[in-house]
Structure formats: C-alpha cells, structure tokens
Amino acid sequence: MAQLFYAADLFGVAVFAITGALMAGRKSMDLFGVLVIAIITALGGGTLRDVILGNHPVSWIRDDTYILVASIAAVGTVVWVRLTQPIHEKGLLIADAFGLAVFTVYGTEVALQHELQLSTAVIMGVITGVAGGVMRDIICNEIPLIFKKEIYATACIAGALVFIALRALATPPWLDTGVAMLTVLATRLAAIRWHFSLPRFHLLDRD
Amino acid sequence: MAQLFYAADLFGVAVFAITGALMAGRKSMDLFGVLVIAIITALGGGTLRDVILGNHPVSWIRDDTYILVASIAAVGTVVWVRLTQPIHEKGLLIADAFGLAVFTVYGTEVALQHELQLSTAVIMGVITGVAGGVMRDIICNEIPLIFKKEIYATACIAGALVFIALRALATPPWLDTGVAMLTVLATRLAAIRWHFSLPRFHLLDRD
Amino acid sequence: MAQLFYAADLFGVAVFAITGALMAGRKSMDLFGVLVIAIITALGGGTLRDVILGNHPVSWIRDDTYILVASIAAVGTVVWVRLTQPIHEKGLLIADAFGLAVFTVYGTEVALQHELQLSTAVIMGVITGVAGGVMRDIICNEIPLIFKKEIYATACIAGALVFIALRALATPPWLDTGVAMLTVLATRLAAIRWHFSLPRFHLLDRD
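Residue numbers (full-length UniProt numbering), protein chains in the order written: chain A, 1 to 207; chain U, 1 to 207; chain P, 1 to 207.
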C-alpha cells in the first residue's frame, strides 16, 4: 500500500510539474525557468505541508526521485509541445484536476498518519492539493485558479472529508483512496465542464 | 494571564478572519473560498512565526479552537453582510487595525518567552501582525495594505518597542499588553483618519 | 574560511537589502516600509532554505548582525539616494546580480555541509539566491526578475554546478567559492549587457 501511495504521489508530482511547465510556457519563460516553475508547482504544496508539520526532512530532500520526476515531466512537456502543437487551455485545467485529486488525498493521509485532529487533516489535504498551484499562479502573476468561477477548494474539502469518513469505516486502502480521489476529480471536472459553482459572496465597495 | 493572552489571540483570529472574508467577498469568491482566505489571513502570520522559530506543532494544529473560531467568524461575516448591507471600505481597514494590534503584541510576547534577542522580538511581532494580511492581499491580487499611503509597518514596530520597554520595566502584564495594543491601534486608526504618513522614499526610474 | 563565508554572506545581505530598498523607493513606500522590504529581500532566501532544511534557529535569529547589516544598508541607500540622485534601473539589476552570486554559492555550501544529495544542493543554492528577490518582487507587485528576458535561474544553476564540481575536485575553498560566484556574476552581467537568453518555451493559448 505504501508503494501505491508512493506511485500516486509521483504521479501527482509529474502532473503538477506539467501544469507548471505549461504555465511557464504561456509566460514564454526560458528552459531553466520552466524547470523552476515546474518543480515549485509539483513540490510546493507537499513542502509547505511538511514545513508546517515540522516533518523533516521533506520528501524531495529524503528522496531525489521527486526532483527527477518533476524535471523529466517538465522537459517532456516542452519536447511534446514542440513536436505537436499548442495545448488547449482546458488541457491545463484537466491536468490540474488530476494533480489536485492525488495531492489532496495524499496530504490528508499524511496528516492522519501523524494522528492529527480531523480539522487539521482536512486543512493539510487542502494545503497539499492547492498550495503548489497557488504558488505557480502567484509567481506567474496570474489570478490563482482557486479564484476562478468554478468549484475548486470545495472539491478538495469534499475529497478530504470522504477520505476521512471511509478511513473511519476501515474500508480497504485502495477503496478509500480511490473513492476520495474520484470525488475530487469528478467534482472538479464536472465543475469545469458544466461551470458548476457554489453560491458566491458578493461584496460591493462603498466608501 | 495565559488565559487573557489566549482570549486576545482568539479575538485577533476572529478579526483577521473577518477581514479575509470581506476581501474574499470583494473578489466574489464562493463560500469555501471565503473560508480558505479567512483561515489563511487569521492564521498565516502566526504560522509563519512558528515555522521560522521551529516552534512545532503550530498553534492551530495543537488546538483546533483556532480553526473553529476563524471558520465561525468567516461564516458569520457572510451571514451578517447578507442580512444587512455592503460594508464600508473603512470597516475593513478598522477591523484590520484591531487584528494588527493584537497579533503584533502576541507575536512579540511569544518571542520574548523564547528569550530571543530584542531585534528578533520586534521582527516576530511585525511578522505575526502583518504576514497574514499580506498573504490575504497577495493571494487576492491586491496591493498589500502595507503599501498604502498611511503608516502601517511603523505602527507595528512602535507597538512592539513599547511592549518590550514596558516588559523591561516589569509593569503588570495587563498594562504592558494593553498599552502596546493601544499604541498600534491608535497609531493605525489615527493614520487612517487623518492620513498620517511618514516621509516617503521616492525613487524615479532613469534608464 | 568560515569567516570568509560569513563576510560574503553579510555582503550578500547588504546588497540584497539595497535592491529591496531601491524597489521600495520605486513604490514610494515610507521609511519603515523600506526597512521591511529590505530585510525580507536580504533574509528571505536564507530563511526559506533553513526552514525547508529544518535548520533552526535560522541565521538572523542566532546572530543579530544580519538584521543590523540589512537595516544599515537600507537606511544608507535612502540617505545616499537623497544626497545624490535617482538610480538607474541598471544599478538595481547589477546589485541584484552580486547578491545572486553570493547567496547561490552560500546556499549550495550550506546544503553540502548537511551532506545532502547533489540535486538538493543545487536547489538550495537556487532557493537561497532567488527566493528573497522573488519575495521582494511579489510583495511589490512586480513581475519577478526571474521572468524577464535575460538568463537568471540558469546563472544560479550554473554557479551551483560549478561549485559542486570544484568542491568534488577538492580545490582550495577560496578557489571554488570565487570561481562559482564569478560564474553566476559573469553569466548574469553578460546576460544583462548583451541580452543573452536561452531558447524560450512559447505556448499559445487555444481555447
């Protein structure tokens, strides 16, 4: 099971690295700039989680597979785009949804392993899922995806809650992990496809 | 006295959560987005302070009252604004000043408890007071309040220095805490009211 | 040799503090705002490195010379600019290149002292060199220099690799340090002077 989680984590790293590389491409960064943004996007969320938990050394210092996977994904993205053609905006959103699903569940799992409170576990899931992408968007001077019209943070919170509930029911690991990831992914993809959104909190300025 | 500090800290959390929720409302975020921004604003400064100090576990992991208070404040803000009417821009500024006062003094106190150097204590006060709001403003793509015309960082530094001086004089805790908070609050409110500002450092570009 | 590194580190702190103060001046911040931005720029990269490494207490808490040097450099910049005249945009870029060189090599050295993997050492070099300036630019709502046309992250990576290679060859410390710093500095200055750039990764949006 540890291996399954490890593989899922590396998959999330690769996917988020791709979203970082694509965003860097939209900003016409040079090749090492692409690498830097890809690595920050892929490893920023987990690093923030581990730093807040005081969980040292962080994953990519302990094991350089993470950096390697992120770098290969970034270079692969550049090569692939060069050989084929420009990517749809939607491709970036869908890749982001996959990474979000994997990292949210992984972050929640890490917090549960530390036997933290449930509210903290949800927050660690959200941080792990969201923070890398937020760093990518802030550094690239884009409005973070978390702001866009469709459901985003909500999908993470839902996935973390589903994971915690199934874990409490002692379902097999493949089941709780799989269902929770699907919850995030399906929620987010449906939100992108049909422009689902929660009620918004509009506040007009009056001075 | 520990309880008084705890209560003041929770008050600061609630107030900063409100400023986060209001800012999220100005960006028309959805309800969970409001929650996320409110929590980051309320707990970001203290988390950054604890992470820099290596002070684990950070407050809201140790005690989930913090998350609860921030969440209630955020939801309460949304409900209250819905039931009444749009908030004045100035309301946001004044709430921010209250949070700034509480957190600056609290952060300075934590540093003194760790027996850190005085320069570090001032900086920890400023970080605790300012960082959550800066994170809120950066994520929301606003120019941080720290930039606006009126005195801001200066109010924090003044409050931290007053607190350190009174503590060195061994005044009663309610006195040093109260006077230092009033220093920050009064400085900031006066700056907002009469547009006080320090001399600025203007630098024109020449290329 | 430890003293030489210490001196170089303080030099980097002073130089980055100057770039922070200049940027704050371009934003017409007040005097304490200038101080805050100068300190973040000067100490942000090293702090992030130490926090990720779990390396507590961070340098400026252990030793308040750092804060003192950054503050003096910031105040000195304001006085110097007042007495003379506006600074060229290029002055900011060149000062930034010096700080980048010193901090990149220092960060790589710290990682090697911790006997971390080489990929991690390179990344720590880049974080130490780049992160303070990125924080300065993000807080000041500028597009980070790392984005501008000329080679930037690449200069850091080159310097870190040169340092690691020379260290592996057991050259004298003054040689590996000096050559690595010169690598970063020369690469960056040449890039500024002749507008060198790597191939870019252009990605057009199609929706």
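For glycine and all other residues, C-beta sits at the position ideal for the given N, C-alpha and C.
* Asked: How long is the line joining the alpha carbons of A/A111 and A/I127, rounded to whole angstroms?
  -> 11 angstroms
* Asked: So, P/V51 versus U/I40, is the Cβ gap smaller than 8 angstroms?
  -> no
* With 16 other Cβ atoms within 10 Å as the buried cut-off, status of A/T84 -> exposed
* Go ahead and pull the three-state DSSP assignment for U/D9. => helix
* Asked: What do you get for A/P199, buried or exposed, if any count of 16 or more other CB atoms within 10 angstroms of its CB means buried?
  -> Exposed.
* Find out if the Cβ-Cβ distance for the pair P/T108, P/I164 is shorter than 8 angstroms. => yes
* Looking only at C-alpha atoms, which of A/V36, A/S71, A/T65 and A/K27 sits nearest to A/Y6? -> Comparing C-alpha distances from A/Y6 to each of A/V36, A/S71, A/T65 and A/K27 shows the shortest one belongs to A/T65.
* Sub-8 angstroms separation of A/T154 and U/F32 beta-carbons -> yes
* Cβ pair count under 8 angstroms reaching 3, the stretch 20–35 of chain P against the stretch 62–79 of chain P -> yes
* By how many angstroms is the C-alpha of A/L161 removed from the C-alpha of A/A170? -> Whole-angstrom Cα-Cα distance: 14 angstroms.
* Leaving out the 5 sequence neighbours to the left and right, which residues in its chain are closer than 8 angstroms to A/L118 when beta-carbon positions are compared? -> I164
* To do: Please look up how many angstroms separate the CB atoms of A/A73 and A/M181, rounded, as I've assumed it's under 8 angstroms.
  => That pair is no contact at about 19 angstroms.
* **Members of the stretch 53–73 of chain U near chain P, C-beta cut-off 8 angstroms** => L53 and G54
* Should U/Q3 be counted as a contact of the ligand GDP given a C-beta to heavy atom distance under 7 angstroms? -> The ligand GDP is absent from the structure shown, which contains no ligand whatsoever.
* **Contacts of A/H195 in chain U (Cβ-Cβ under 7 angstroms)** => For A/H195, no chain U residue has a C-beta closer than 7 angstroms to its own C-beta; the minimum C-beta separation is roughly 12 angstroms.
* Could you check where the alpha helix (DSSP H) with P/V58 kicks off and where it finishes? -> Careful: P/V58 lies outside any alpha helix (DSSP H) and carries neither H nor E.
* **Residue closest to A/I157, alpha-carbon to alpha-carbon, out of A/L185, A/M29 and A/L48** => The option with the nearest alpha carbon to A/I157 is A/L185.
* List in chain order: all unbroken beta strand (DSSP E) runs of 3+ residues lying wholly within the UniProt domain "Glycine transporter" (94–167) of chain A. => none
* Quick one: using the 10 Å Cβ neighbour count with 16 as the cut-off for buried, is A/W194 buried or exposed? => Exposed: under 16 other Cβ atoms inside 10 Å.
* To do: For A/I138, go through chain P and note every residue whose CB falls closer than 7 angstroms to its CB, in chain order.
  => Near A/I138 (Cβ distances below 7 angstroms), the residues of chain P are I138.
* **Contacting positions in the stretch 23–36 of chain U - beta carbon closer than 7 angstroms to chain A** => A24, G25, R26, K27, S28, M29, D30, L31, F32, G33, V34 and V36
* **Where the alpha helix (DSSP H) through A/P199 begins and ends** => Taken as a continuous stretch (DSSP letters only), A/P199 belongs to no alpha helix (DSSP H), as it is neither H nor E.
* Any Cβ of chain A within less than 8 angstroms of the Cβ of P/Q3? -> At least 8 angstroms separates the CB of P/Q3 from every CB of chain A.
* **Under 8 angstroms from the C-beta of P/T120: neighbouring residues of chain A** => W60, I61, D64 and I67
* Would you report the Cα separation of U/A97 and U/I151, rounded to the nearest angstrom? -> 11 angstroms
* Asked: Does P/D9 have its Cβ less than 8 angstroms from a Cβ in chain U?
  -> No, P/D9 does not count as interfacial toward chain U.
* Asked: Which whole-angstrom value is the C-beta distance of U/G125 and U/G159, which I expect to be below 8 angstroms?
  -> U/G125 to U/G159, Cβ: 7 angstroms. Contact.
* To do: Would you mind sorting U/I143 into buried or exposed? The rule is 16 or more other CB atoms within 10 Å of its CB.
  => exposed
* Give every residue of the same chain whose Cβ lies closer than 8 angstroms to the Cβ of P/I138, excluding the five residues on either side of it in the sequence, and list them in chain order. => P144
* Asked: Of all the CB atoms in chain P, is at least one closer than 8 angstroms to the CB of A/V51?
  -> yes
* What's the call for A/G46, buried or exposed, on a 16-neighbour Cβ count within 10 Å? -> A residue is called buried once 16 or more other Cβ atoms fall within 10 Å of its Cβ, and A/G46 is buried on that count.
* Contacts around P/L35, its chain only, beta-carbon distance under 7 angstroms, and the 5 residues preceding and following it disregarded -> S71 and A74
* Consult DSSP for U/D50 and reduce its assignment to one of helix, strand or coil. => helix
* **is_contact[A/L145, chain U] using C-beta, thresh 8 angstroms** => no
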